[in-house]
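A.B. asks: Got a structure here, written out as structure tokens. Questions coming.
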Amino acid sequence: MKNFSFISLSLLLLASYGYSLSEEIIDDVSSSLNLNYTASVQFINNAEKINNSFEDVYISSVTENFSFSKCKNECSKVNKKFISIEKDDKNVFTIENFNKFLKSHDVPSITMDSFLDKCIR
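Using mature numbering (1 follows the signal peptide of the UniProt record, and there is no 0), the letters of the sequence shown correspond one by one to residues -22 to -1, 1 to 99.
Below, the structure is given as structure tokens:
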């Protein structure tokens, strides 16, 4: 889990937004992704859920000194949660939209496997 900074960097923009859903932040997501207010809030909330899940695994792996096997297991569980959010037709949080948002802030794009791969390392 040494390379967790990539995940943090990728989610930092949105995850930090979740703690303070100001109009400016919602407008940023809305304009970057051409979403309405409600969809933008949902997008930010889902990013926060994903970030918190990966962050919890990272913190636990350090504080509890996870074995590689346990780390891989926990990362896989969190990744399944990420995939279920991404695949849910009822929300706007997709890897494609996420990458559009990242690109609008000059942050490199990611793949569906990026989170799991970086988490396990």
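Glycine residues also receive a C-beta, built at the ideal position from the N, C-alpha and C atoms.
1. Leaving aside the five residues before and after Ser31 along the sequence, list all residues of the same chain whose C-beta is less than 8 Å from its C-beta, in chain order.
2. In whole angstroms, what is the alpha-carbon distance linking Leu94 and Ser18?
3. What separation, rounded to the nearest whole angstrom, lies between the Cα atoms of Asn75 and Leu11?
4. Could you give the DSSP three-state label for Glu42: helix, strand or coil?
5. State the Cα-Cα distance for the pair Tyr36 and Asn51, rounded to the nearest angstrom.
6. Would the beta-carbon of Phe21 fall within 8 Å of that of Val70?
7. Could you tell me the boundaries of the alpha helix (DSSP H) in which Lys96 lies?
8. With 16 other CB atoms within 10 Å as the buried threshold, where does Asp5 fall?
9. Going by Cα to Cα distance, which pick from Asp91, Cys49, Ser62 and Ser8 is closest to Phe79?
10. In the DSSP assignment, find the unbroken alpha helix (DSSP H) run with Phe76 in it and report its ends.
C.D. replies: The relevant details are as follows:
1. Val56, Lys59 and Phe60
2. 25 Å
3. 7 Å
4. coil
5. Taking the Cα positions, Tyr36 is about 12 Å away from Asn51.
6. yes
7. Ser92 to Ile98
8. exposed
9. Ser8
10. Ile73 to Ser82
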